[in-house]
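Participant: These protein sequence lines map, in sequence, to chains F and P. Those letters in the first sequence? Residues 414 to 527, by my numbering. Those letters in the second sequence? Residues 3 to 264, by my numbering. Every residue gets a Cβ at the ideal spot worked out from N, C-alpha and C, and that includes glycine. Quick one: the structure is below, questions incoming.
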Amino acid sequence: MTVGEVAEKLGLEVLTEGGSLAREITGGYASDLLSDVLAHGRAGDVWVTLQTHHNIIAVASMKDLAAVLLVNGRQPEAEALAAASREGVPVLSSPLPAFALIGELCRLGIRGAA
Amino acid sequence: MRLGQFKADLHVHTCLSPCADLSMGPRAIVAKAVQRGLDVIGVADHNSAENALAVVNAAARRNLTVLAGLEVTTQEEVHVLALFDRVEEAQQLQELVYQHLPGENDPEAFGLQVVVSADHDVVGFNTRLLAGAAELSLERVVESIHALGGLAIAAHADRPAFGILGQLGFIPEQLPLDAVELSANTTPEEFRRRFPECAGRAFLRGSDAHTLEDVGTASTFFRLREPTTAEIKKAFRGEGGRQLSLAAAERSDAGRRKRAIG
């Protein structure tokens with residue numbers, strides 16, 4: 414399933430322009446510690462987090478993540494959005510808290526590493 | 003020796019920090035600090051002190067004291083300022099941090115980490131992931147700073163990212179921090195109202211400068227005998243007439259503030 418399809422099915426707000434919404438999502442990871450995502454995120458993962466600092470884009474770019482999904486309706490810092498556009502990292506926001514959003518992602522068949 | 007007033011910005015980055023402007027060379031920082039009327043600066047790059055000696059050297063024969071330090075990212079991703087009188091002490095803490103800092107920098111993602119001489123000659127590039135977190139607890143970092151005689155300060159505590167309150171939601175009562183740094187966005191009064199459990203802590207202001215224009219835009223006035231960490235520690239505790247007061251926020255000349263990982 415692509416980032417764009419997930420956005421549509423779950424009613425996520427796409428915050429970035431450009432970025433590859435056609436990117437295939439191959440898994441998911443949830444964490445609010447950037448160093449933890451650097452250690453455990455996998456290429457193609459969607460990353461569910463509440464962090465909005467622009468280093469989330471550096472982390473997503475370094476780990477080749479498919480997209481960053483912000484929870485609780487959080488909005489990224491302006492600098493994060495600029496970096497996301499530069500790096501082509503899609504950033505989306507959901508009004509749901511993390512637990513509920515991850516449940517929805519699992520329902521769509523997106524799985525994390527066991 | 004009488005008490006005198008010292009204007010201090012204890013939170014300044016150099017071009018070693020991946021998120022800092024490449025113009026943050028030692029002499030340029032010293033010149034800007036002197037221009038802004040500062041008597042003391044603290045040099046604290048992310049998880050590294052490799053440019054500290056260069057800034058100390060650049061300040062030689064200038065009327066500016068440079069405290070050498072690091073801004074350590076703990077495993078909780080809390081930023082802690084560690085400041086020392088001597089570069090060797092900062093280097094000892096750096097050794098501990100390096101032993102626990104995983105990963106390699108990706109300059110494309112995080113930025114360049116430039117090690118320079120006092121004259122801003124490029125000595126090399128640090129290849130560690132300085133934007134990452136050390137696998138050291140907040141408690142261990144504070145304890146290690148104190149064991150080396152330094153100041154342990156919770157950096158930009160009022161900011162959501164990498165501040166102690168944003169990461170933990172509270173300041174552990176038993177955590178022996180020397181002080182809590184506030185950004186120019188809040189006042190100690192407002193901060194105490196929001197977080198009453200922190201009311202007894204000492205507060206200071208630092209700029210967290212990532213560009214030259216940021217240097218000294220937030221600062222603290224200290225009344226001290228001399229600008230040393232021991233005297234600053236006394237000011238945090240209000241001992242022997244040593245005091246501090248927060249300088250009014252000054253706007254940087256440039257409108258836009260580059261703000262990266264700290």
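1. Taking only the alpha-carbon atoms, compute the straight-line gap between H81/P and D47/P and give it to the nearest angstrom.
2. Taking the alpha-carbon of L103/P as reference, which of T188/P, E79/P and D87/P has the nearest alpha-carbon?
3. Can you confirm whether S448/F, when its beta carbon is compared against all beta carbons of chain P, has any partner nearer than 8 Å?
4. Quick one: which unbroken beta strand (DSSP E) runs of 3-plus residues sit fully inside the stretch 134-161 of chain P? Chain order, please.
5. Which of the three DSSP states is assigned to S119/P in this structure?
6. Does chain F have any CB closer than 8 Å to the CB of I134/P?
7. Quick one: what's R225/P bridged to in DSSP?
8. Do the stretch 483-496 of chain F and the stretch 457-465 of chain F touch if we need at least three Cβ pairs shorter than 8 Å?
9. Which of helix, strand or coil does DSSP assign to S498/F?
10. Could you tell me which chain P residues have their CB closer than 8 Å to the CB of A443/F, listed as they occur along the chain?
11. So that I know if they touch, is there some Cβ in chain F lying closer than 8 Å to that of F288/P?
12. Counting only beta-carbon separations shorter than 8 Å, does N485/F have a partner in chain P?
13. With DSSP run on the structure shown, which of helix, strand or coil describes E252/P?
14. Helix, strand or coil: how does DSSP classify S474/F here?
15. Could you list the residues in the stretch 161-190 of chain P with a C-beta less than 8 Å from some C-beta on chain F, going in chain order?
16. At a CB distance below 7 Å, what residues from the stretch 474-507 of chain F approach chain P? Give them in sequence order.
17. Mind listing the chain P neighbours of L451/F? Cutoff is C-beta to C-beta under 7 Å, in chain order.
18. Give me the Cα-Cα distance between A204/P and G240/P, rounded to the nearest whole angstrom.
19. Helix, strand or coil for H48/P? Go by DSSP, reduced to three states.
20. So for E430/F, helix, strand or coil by DSSP?
21. For a cutoff of 8 Å on Cβ pairs, would you count D108/P as touching chain F?
22. Note down, in chain order, every chain F residue with its Cβ under 8 Å from the Cβ of E79/P.
23. Thinking just about the alpha-carbon of each residue, which of K9/P, C17/P and M3/P is nearest to the one in A211/P?
24. Express the C-alpha separation of S474/F and E500/F in angstroms, rounding to a whole number.
25. Are three or more beta carbon pairs between the stretch 502-514 of chain F and the stretch 136-148 of chain P nearer than 8 Å?
26. Apart from the five residues on each side of it in sequence, which residues of its chain come closer than 8 Å, Cβ to Cβ, to R64/P?
27. Looking only at C-alpha atoms, which of P510/F, M414/F and G516/F sits nearest to I438/F?
28. State the DSSP-derived secondary structure class of T231/P, mapped to helix, strand or coil.
29. Considering just the uninterrupted stretch of the alpha helix (DSSP H) at G71/P, what are its terminal residues?
30. Take F197/P as the anchor and find which of R225/P, S139/P and I166/P has the nearest alpha-carbon.
31. Going by C-alpha to C-alpha distance, which of R524/F, G522/F, A471/F and L494/F sits closest to G431/F?
32. Hey, does A471/F have any beta-carbon neighbour from chain P nearer than 8 Å?
33. In three-state terms, what does DSSP make of I515/F?
Facilitator: Concretely, from the data shown:
1. Indexing the second sequence from 1 puts residue 81/P at position 79. Indexing the second sequence from 1 puts residue 47/P at position 45. Each residue's Cα considered, the two are about 11 Å apart.
2. In the second sequence, the residue the question calls residue 103/P occupies position 101. With distances taken between Cα atoms, L103/P lies closest to E79/P.
3. On the first sequence, position 35 is the one that residue 448/F refers to. Yes, S448/F counts as interfacial toward chain P.
4. 153-156
5. As a working mapping, residue 119/P is identified with position 117 in the second sequence. Looking at S119/P - three-state DSSP - the assignment turns out to be coil, as it is neither helix nor strand.
6. As a position in the second sequence, residue 134/P is number 132, starting the count at 1. Per the sequence shown, residue 134/P should be read as Gly rather than Ile. So yes, G134/P belongs to the interface.
7. Within the second sequence, the letter at position 223 stands for residue 225/P. DSSP, once it has assigned bridges, lists Q7/P and Q245/P as partnering R225/P.
8. yes
9. Numbered from its first residue, the first sequence carries residue 498/F at position 85. If DSSP states are grouped into helix, strand and coil, S498/F belongs with the helices.
10. Looking up residue 443/F in the first sequence gives position 30. Simply none; closest approach about 16 Å.
11. Nothing can be reported for residue 288/P, as the shown portion of chain P is limited to 3 through 264.
12. Residue 485/F sits at position 72 when you count from the first residue of the first sequence. No - not a single Cβ of chain P is within 8 Å of the one on N485/F.
13. The residue you call residue 252/P lines up with position 250 of the second sequence. Coil at E252/P, not helix or strand.
14. In the first sequence, residue 474/F corresponds to position 61, counting from 1. S474/F: helix per DSSP, three-state reduction.
15. P162, A163 and F164
16. S474, M475 and E492
17. Sequence index remark: in the first sequence, residue 451/F carries index 38 (1-based). Residues of chain P passing the Cβ test: G105 and G134.
18. Here residue 204/P refers to the residue found at position 202 of the second sequence. Here residue 240/P refers to the residue found at position 238 of the second sequence. For A204/P and G240/P, the distance between alpha carbons rounds to 9 Å.
19. For the purposes of this step, residue 48/P is identified with residue 46 of the second sequence, where counting begins at 1. DSSP places H48/P in strand when its eight states are reduced to three.
20. Position 17 of the first sequence holds residue 430/F. DSSP places E430/F in coil when its eight states are reduced to three.
21. Here the question's residue 108/P lines up with position 106 in the second sequence. At least one chain F Cβ lies under 8 Å of D108/P.
22. Taking the first residue of the second sequence as 1, we reach residue 79/P at position 77. Here the neighbours are L446, L447 and S448.
23. Here residue 211/P refers to the residue found at position 209 when the second sequence is read from its first residue. When each option's Cα is compared against that of A211/P, the closest is C17/P.
24. In the first sequence, counting from the first residue as 1, residue 500/F sits at position 87. In the first sequence, counting from the first residue as 1, residue 474/F sits at position 61. Each residue's alpha carbon lies about 7 Å from the other.
25. no
26. One-based indexing of the second sequence puts residue 64/P at position 62. V32 and V36, listed in sequence order.
27. Looking up residue 438/F in the first sequence gives position 25. Ranking P510/F, M414/F and G516/F by Cα distance to I438/F puts M414/F first.
28. Within the second sequence, the letter at position 229 stands for residue 231/P. Helix.
29. Residue 71/P sits at position 69 when you count from the first residue of the second sequence. Taken as a continuous stretch (DSSP letters only), G71/P belongs to no alpha helix (DSSP H), being part of the beta strand (DSSP E) at T67 to T75.
30. Taking the first residue of the second sequence as position 1, residue 197/P is located at position 195. Here the closest residue by C-alpha is I166/P.
31. In the first sequence, counting from the first residue as 1, residue 431/F sits at position 18. Checked all of R524/F, G522/F, A471/F and L494/F; the closest Cα to G431/F is L494/F.
32. Numbered from 1 along the first sequence, position 58 holds the residue referred to as residue 471/F. Yes, because at least one Cβ of chain P sits closer than 8 Å to the Cβ of A471/F.
33. Against the first sequence, residue 515/F aligns to sequence position 102. DSSP places I515/F in helix when its eight states are reduced to three.
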